[in-house]
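Number of protein chains: 4
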Amino acid sequence: MNKRKIINDPVYGFISISSDLLYDLVDHPYFQRLRRIKQLGLADIVYPGALHTRFHHALGAMHLMSQALKALQEKGHMIWEPELEAAQAAILLHDLGHGPFSHVLESVLLTGVAHESITLVMMKDLNRQMNGRLDIAIQMFEGTYPRRFFHQMISSQLDMDRMDYLNRDSFYTGVIEGSIGADRLIKMLDISKDQLVVEEKGLLSIENFLHARRLMYWQVYLHKTLLSAQAMLTQILHRARELSVAGEKLFATPDFARFLQNEYSLSDFDTQPDLLRAFNGLDDNDVWASVKGWKSHPDPVLSTLCEMLLNRNLFKISFYSAPPGEEILAPLRNRLLDNGIAENQLSYFMVTGETTNWAYAKEQDPIRVKMKNGNLLDIADASDIPTIEALTKIVRKYYVCWGKNVSLRG
Amino acid sequence: MNKRKIINDPVYGFISISSDLLYDLVDHPYFQRLRRIKQLGLADIVYPGALHTRFHHALGAMHLMSQALKALQEKGHMIWEPELEAAQAAILLHDLGHGPFSHVLESVLLTGVAHESITLVMMKDLNRQMNGRLDIAIQMFEGTYPRRFFHQMISSQLDMDRMDYLNRDSFYTGVIEGSIGADRLIKMLDISKDQLVVEEKGLLSIENFLHARRLMYWQVYLHKTLLSAQAMLTQILHRARELSVAGEKLFATPDFARFLQNEYSLSDFDTQPDLLRAFNGLDDNDVWASVKGWKSHPDPVLSTLCEMLLNRNLFKISFYSAPPGEEILAPLRNRLLDNGIAENQLSYFMVTGETTNWAYAKEQDPIRVKMKNGNLLDIADASDIPTIEALTKIVRKYYVCWGKNVSLRG
Amino acid sequence: MNKRKIINDPVYGFISISSDLLYDLVDHPYFQRLRRIKQLGLADIVYPGALHTRFHHALGAMHLMSQALKALQEKGHMIWEPELEAAQAAILLHDLGHGPFSHVLESVLLTGVAHESITLVMMKDLNRQMNGRLDIAIQMFEGTYPRRFFHQMISSQLDMDRMDYLNRDSFYTGVIEGSIGADRLIKMLDISKDQLVVEEKGLLSIENFLHARRLMYWQVYLHKTLLSAQAMLTQILHRARELSVAGEKLFATPDFARFLQNEYSLSDFDTQPDLLRAFNGLDDNDVWASVKGWKSHPDPVLSTLCEMLLNRNLFKISFYSAPPGEEILAPLRNRLLDNGIAENQLSYFMVTGETTNWAYAKEQDPIRVKMKNGNLLDIADASDIPTIEALTKIVRKYYVCWGKNVSLRG
Amino acid sequence: MNKRKIINDPVYGFISISSDLLYDLVDHPYFQRLRRIKQLGLADIVYPGALHTRFHHALGAMHLMSQALKALQEKGHMIWEPELEAAQAAILLHDLGHGPFSHVLESVLLTGVAHESITLVMMKDLNRQMNGRLDIAIQMFEGTYPRRFFHQMISSQLDMDRMDYLNRDSFYTGVIEGSIGADRLIKMLDISKDQLVVEEKGLLSIENFLHARRLMYWQVYLHKTLLSAQAMLTQILHRARELSVAGEKLFATPDFARFLQNEYSLSDFDTQPDLLRAFNGLDDNDVWASVKGWKSHPDPVLSTLCEMLLNRNLFKISFYSAPPGEEILAPLRNRLLDNGIAENQLSYFMVTGETTNWAYAKEQDPIRVKMKNGNLLDIADASDIPTIEALTKIVRKYYVCWGKNVSLRG
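Protein chains in written order, with the UniProt record's numbering: chain A, 1 to 410; chain B, 1 to 410; chain C, 1 to 410; chain D, 1 to 410.
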């Protein structure tokens with residue numbers, strides 16, 4: 001049976017699954033689960049088209065990896081068939097460990113367990129099931145494979161992951177200014193001393209890439225309304241866990257209930273053999289179904305927050321350049337009290353936070369540019385105007401969000 | 001407060017909400033629910049990008065309505081501001097009555113209740129809440145408004161509903177051959193004797209529209225793999241209802257449980273005041289959460305089917321030009337029996353069906369072409385080659401789908 | 001020196017020139033000339049974006065050829081490196097023999113010399129210059145290469161030439177309904193018994209391709225206004241030749257003057273060694289520069305027609321289903337006479353013609369579909385509805401165009 | 001007769017001509033001439049798709065103007081019908097005064113006559129022909145119309161001219177990173193105290209706009225290969241004029257010959273009534289036809305340069321950060337002498353130049369941002385990171401181009 005397959009993709013036209021191993025990975029329940037986890041979590045509350053999944057993103061990143069490696073081959077670099085397959089496998093699986101609404105969930109239910117760690121647990125489990133066929137892929141993912149550029153294409157400031165997600169998020173949100181020209185970027189890649197580099201003539205493309213990334217952060221990933229919705233879901237989960245731990249029986253799928261009731265650390269995945277299976281049972285539907293079930297729960301805090309989120313009656317949110325002081329917070333708090341919120345419920349309806357962003361981090365593994373004279377320069381040094389320098393600046397914003405129109409149920 | 005708003009849409013760029021009424025409708029929980037109902041149900045199993053919702057489709061159809069009415073105004077037709085708003089409101093709300101996985105659900109849980117009827121119940125309920133602000137919109141929707149073309153733009157063989165869904169489905173599936181050129185179609189519309197007509201120079205565009213529609217049917221809406229997945233979900237719901245009615249307690253959100261346990265008719269929506277509220281509680285998450293919950297249910301039929309669907313281990317499906325006879329069915333049945341399926345379980349793992357399609361129905365309200373000499377012709381008569389005639393032919397296909405690799409759980 | 005090169009293309013993103021031979025061909029003056037010949041001649045008079053050249057089209061067809069051959073390789077067909085290069089070379093050069101405003105010019109100046117014949121003369125000349133490096137390409141072009149499918153990909157009803165020009169013409173005119181989904185078409189190609197075939201699952205895509213082709217013919221290639229402009233340019237050239245032959249000195253580049261003054265046949269290209277060089281000197285600029293020069297020529301017919309064409313004051317044109325009789329022509333003729341046109345000038349200001357089109361010609365080398373059972377069927381027999389049948393029907397239209405508002409100069 | 005018309009545009013879909021006046025302007029020979037002048041001159045030598053004309057650009061800018069004014073109307077600003085038409089007329093005509101290969105020609109043949117001045121001469125001439133129907137448009141163009149924002153939309157750092165040309169040039173070159181998101185930009189425009197401003201929430205879009213502009217400059221407008229081709233055409237015209245002035249008879253259309261043989265200043269357009277008519281006779285074809293005619297001229301410098309340009313055998317070009325000194329120039333000069341170029345011919349085959357660019361000029365009329373608190377800030381002050389500051393920096397590059405492989409003819 002020929003397992004090669006072509007998948008339609010509005011972003012790239014078609015994505016080819018080019019080997020039996022890749023087909024088997026896509027077909028595996030671990031990977032099929034990603035069909036039910038949206039890449040951008042709650043972002044469709046702002047951008048209604050942003051419903052694309054981690055499944056599609058992972059396929060897209062695999063596609064870019066295959067395109068990029070072919071471009072490198074055409075420049076004369078030797079890349080063996082098993083390397084080609086392993087690099088695609090590694091990028092395909094790089095997001096396996098994400099739970100639903102990843103950043104929200106990780107801040108409440110799986111605190112202290114990085115999704116990358118779970119990814120690795122799952123990749124190793126898959127490797128066992130597949131008798132070692134993922135050995136090289138895992139080395140590339142972990143960064144232990146000798147040819148360094150493979151890891152850089154999987155995880156760096158210019159990896160196929162970022163290229164696909166910026167491309168795809170820009171496409172599905174409709175924020176077309178965020179488009180990065182992945183086609184051209186890929187044709188500008190090269191290898192020098194086993195490092196991933198960019199040809200000098202790709203300098204403008206990289207600047208555009210970083211600029212687009214910055215734009216996407218402020219326009220999409222850190223959009224005020226999205227931060228507000230995330231804050232609400234976070235408070236819902238805090239309350240649910242609080243009630244759960246206090247013995248309250250909450251509506252939830254069995255797998256989700258388990259994570260609501262227990263606090264797990266990474267090592268539990270080793271000692272509790274079925275924990276990985278349970279984790280693999282989680283997706284967006286578990287969270288939404290619970291939110292829907294909880295909207296009629298007797299606890300007024302829980303039911304009010306759920307009803308609000310479902311009907312897009314969101315917290316009001318304001319940004320500040322410094323942490324907001326009592327002169328800002330006190331009046332909000334009073335308004336909530338006036339609305340009938342009790343002292344001990346206040347924290348569920350008023351949340352402060354901060355958010356930071358920079359488009360390019362000089363201190364990390366840099367983006368290297370290969371100048372025409374053969375020298376390798378950090379992109380920040382290669383550019384002829386201070387734009388890149390500007391993009392390395394960290395921008396930090398503080399916010400308060402609160403339920404301006406809360407009316408407690410029950 | 002200014003309620004005008006602009007919404008990003010990858011398909012059209014931007015969609016404007018151009019009045020307070022429209023804003024209030026979009027903001028209403030009835031409409032927000034559509035955020036959680038995918039336009040194409042299970043189709044993302046074949047086309048992973050096809051995750052767009054009825055929410056986005058309804059906004060898109062409203063956008064096309066506004067564009068089309070403006071084009072008609074520019075051609076000198078008088079259209080009053082309240083008509084402009086009402087037509088947009090009507091098309092915005094036209095799909096309110098859809099449940100999740102509409103065709104599947106309606107075949108099991110709400111048999112005999114057309115979604116259009118529920119839409120009308122909900123529109124009337126909204127009209128009450130809004131003190132009659134939807135009077136004209138409802139007339140247009142029902143076809144009682146005197147100027148006939150408004151209804152035709154909401155519901156006919158050339159309505160804004162079809163234009164948006166073909167456009168949008170083509171876009172998100174990536175089946176670009178299905179693109180209909182909505183821009184040009186809209187510019188070709190005209191009004192003659194209060195009927196919606198197409199200018200003669202738009203003939204080729206209409207042919208292309210019908211051709212694209214046919215292509216989308218076979219390539220997307222009636223795709224074999226999708227029919228197979230739908231058959232599986234149908235069998236899951238049949239089994240769940242059977243168990244429910246037999247008194248078994250099944251995991252479900254409260255609203256979904258209600259529909260699983262009871263059989264409702266349209267009149268129940270009048271007599272049970274909270275039934276509409278419960279219906280409005282249903283969305284895709286309820287169904288998926290139950291499928292996830294049921295995958296560990298003790299009933300082997302239910303759990304097996306759920307596990308299969310979740311992991312995309314689908315029924316095999318074959319098409320036939322005539323209803324398949326025993327020479328085809330018997331061997332399949334025997335194979336299932338060999339695999340350990342009991343006689344009384346067979347019907348859950350082997351399903352026959354038929355599917356029909358035609359791109360243009362002559363007997364319905366026709367698409368009228370205004371010839372240069374002023375005559376109105378049915379498109380099928382106006383075209384100079386028999387293509388359109390060909391597109392009126394009903395194509396009927398029969399299928400069998402069955403669980404080739406079923407291995408019953410438990 | 002590395003001659004590989006990447007060329008930007010708004011249609012496909014990037015086009016790669018993948019070998020030294022291909023680079024040398026692109027670089028050759030014969031091919032660079034195509035930069036100055038628009039693919040659609042006068043069509044920008046209707047579609048102002050339709051300015052793309054035969055140069056870009058030839059590169060695009062080469063790109064599709066490379067994509068298609070790679071897709072066939074991935075399906076397991078052996079295609080040797082020299083074949084890959086030769087097929088690309090052949091399609092790259094397939095339009096070398098086109099003059100400017102090909103159909104117009106061939107009807108007046110090079111009557112009886114098919115552009116394909118000149119292409120072959122030029123390919124053979126190039127082959128001499130390149131010491132036989134085009135041997136295989138020429139065999140493929142002529143159809144004498146043993147593996148038949150190469151020729152079919154260069155010239156048949158489903159060749160890379162058509163795919164690119166439909167795609168490209170649709171893109172640059174903005175007639176997006178003419179888009180053919182070349183990506184998918186290419187992935188549906190296969191080889192069976194050395195013939196080019198389409199997989200059965202590509203049936204809908206082929207139907208769409210033929211439908212798009214028909215639409216492009218009526219919407220673009222045979223657009224009324226374009227036919228009218230072509231008729232005017234034809235009459236301009238007729239008059240210019242008449243004057244030239246009568247010894248009048250007309251403004252023209254030396255190469256163009258030679259073709260205006262002499263009537264050549266194909267054999268002259270053999271006997272007059274510099275004729276090919278002169279032909280290669282012709283491009284759109286020669287024609288336009290002359291039209292501009294002639295607008296102040298003392299001959300009132302010539303100058304009037306040139307002025308009219310330059311200022312887009314075009315003949316009026318009407319279509320008829322039968323050849324127009326005297327009851328139609330006589331009044332037009334009288335109107336022209338009333339406007340001061342002399343009897344012997346009439347033919348320059350009133351032109352009749354006919355135009356025919358069919359989307360698919362059954363009697364030619366058919367498009368073959370490989371059914372799932374392995375049978376090869378003509379597409380017209382494989383389709384389940386009579387659409388294709390309909391598309392084989394020849395549509396014939398008759399037209400008259402005439403200078404409604406002519407006012408003779410001088 | 002209804003003169004309203006819809007024109008296909010691959011960039012925006014459709015462009016509407018919305019009034020009789022606008023139709024008459026488009027139809028006028030002055031405007032039709034722009035069909036034959038490419039927007040980007042020689043740029044198709046690098047980007048083969050870049051063949052779009054000033055005609056299409058002017059229509060596109062008119063389209064954006066109409067979209068922008070409608071968006072302003074929707075925000076509650078009163079804009080009268082005659083203003084709407086005048087602003088569209090003004091932007092439609094803003095490039096009338098461009099000759100073919102504008103920057104090249106102006107540096108040789110019309111030195112000291114800015115194309116804006118000729119535009120104004122032509123607008124005033126049109127206004128006379130049209131009995132004053134362009135009065136307001138001319139005021140807006142000149143900046144004397146009281147409502148200042150109209151002029152800013154026609155000519156400023158955020159005018160519809162730039163928006164369209166960046167958009168269009170990005171589209172036709174295929175440099176998609178240069179896309180500016182004109183749709184969103186337009187929705188962010190507002191008016192404050194009769195000045196054109198941008199809403200604060202459009203800040204990121206403006207940054208993206210400036211960034212895209214910078215990218216387009218270096219990637220397209222100042223592309224090395226394009227600068228080289230322009231240098232060659234410049235030298236060709238210098239030589240042709242030199243020979244012309246020396247009494248040599250050169251092949252040229254009558255209108256082009258006139259400009260080759262005479263040196264005109266702006267005032268000549270007043271005193272020589274037919275000079276404007278002659279200017280209006282010039283387009284790209286005159287230049288190319290002459291280059292083609294001159295390739296067989298006896299002067300070896302002229303014929304060699306023409307042959308080289310036609311066959312894309314271009315000067316080699318190098319960039320420097322400082323003006324190149326003798327250590328760079330002398331060896332090149334010697335190489336040319338070795339190749340048989342005479343001393344007095346050297347200047348035709350070796351050219352130095354400089355090129356500067358900045359994305360945003362602070363000292364000019366700034367782009368104003370309307371902050372949420374109502375304040376107007378210069379974009380460079382409103383942005384939270386120093387990107388914009390960086391974009392104001394002038395970048396200056398020096399180049400030498402020379403005929404590395406020149407072999408003199410004859």
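Beta carbons: idealized from backbone N, C-alpha and C, even for Gly.
Check                                                                                                                                                         : Outcome
Tell me, please, whether the region 252-261 of chain A touches the region 288-306 of chain A by the rule of three or more beta-carbon pairs shorter than 8 Å. : yes
Under 8 Å, do C:L110 and C:Q230 count as touching if we go by C-beta distance?                                                                                : no
Tell me, which residues are paired with B:K38 by DSSP?                                                                                                        : B:T53
Can you give me the Cβ contacts of C:V113 inside the same chain, cut-off strictly under 6 Å, excluding the 5 residues immediately before and after it?        : L266
Could you work out which residue in C:M153, C:P48 and C:E327 is closest to D:F31 when comparing CA atoms only?                                                : C:P48
Of all the CB atoms in chain C, is at least one closer than 8 Å to the CB of A:K187?                                                                          : yes
Is B:D384 close to chain C? Criterion is C-beta to C-beta, closer than 8 Å.                                                                                   : yes
Distance, Cα to Cα, A:I379 vs A:E363?                                                                                                                         : 12 Å
Using 8 Å as the threshold, is the region 8-18 of chain A in touch with the region 167-176 of chain A, meaning 3 or more CB pairs across them?                : yes
At 4 residues or longer, what runs of the alpha helix (DSSP H) sit wholly inside the region 316-365 of chain A?                                               : 326-338 and 346-349
Can you tell me where the beta strand (DSSP E) holding D:I17 begins and where it ends?                                                                        : G13 to I17
Indicate whether at least one CB of chain B lies closer than 8 Å to the CB of D:I6.                                                                           : yes
In its own chain, which residues sit with a C-beta less than 7 Å from the C-beta of A:R258, not counting the 5 before and 5 after it?                         : A278
Using a cut-off of 8 Å between C-beta atoms, extract the partners of residue 443 of chain D located in chain A.                                               : Nothing can be reported for residue 443 of chain D: it is not among the residues displayed for chain D, which extend from 1 to 410.
Taking only beta-carbon positions, decide if C:D381 is within less than 8 Å of chain D.                                                                       : no
Find the residues of chain D that neighbour B:D183, judging by a C-beta separation of less than 8 Å, and give them in chain order.                            : G13 and F14
Could you round the C-beta distance between D:G403 and D:F319 to whole angstroms and report it? I think they count as a contact, below 8 Å.                   : Rounded, the Cβ-Cβ distance is 18 Å, inconsistent with contact.
Which residues mark the beginning and the end of the alpha helix (DSSP H) in which C:S155 is found?                                                           : Counting along the chain, C:S155 falls outside any alpha helix (DSSP H), and DSSP gives it neither H nor E.
Just to confirm, is the Cβ distance from D:L185 to D:L72 under 8 Å?                                                                                           : no
Tell me where the alpha helix (DSSP H) around residue 411 of chain C begins and ends.                                                                         : Nothing in the structure corresponds to residue 411 of chain C, since chain C is present only between 1 and 410.
List the residues of chain B that C:N208 touches, going by C-beta distances under 9 Å, in chain order.                                                        : E177, G178, H211, A212 and L215
Can you give the Cα-Cα distance for D:E74 and B:L84, rounded to whole angstroms?                                                                              : 15 Å
B:Y145 by DSSP, collapsed to three states: which one?                                                                                                         : coil
Could you please tell me which residues of the region 303-314 of chain D, in chain order, have their CB closer than 8 Å to any CB of chain C?                 : L310, N311 and R312
Alpha carbon to alpha carbon, what distance is there between A:I180 and B:L381?                                                                               : Sequence check: residue 381 of chain B is Asp here, not Leu. Straight-line Cα distance between these residues: approximately 49 Å.
Check the Cβ-Cβ distances between A:T271 and every residue of chain D, and say whether any is below 8 Å.                                                      : no
Closest by CA to D:C306, which one among D:D194, D:L237 and D:S244?                                                                                           : D:L237
Out of D:D286, D:S347 and D:T144, which one is the CA nearest neighbour of D:N334?                                                                            : D:S347
Provide the residue span of the alpha helix (DSSP H) that contains C:L196, from first to last.                                                                : Segment Q195 to E199 is the beta strand (DSSP E) holding C:L196; no alpha helix (DSSP H) there.
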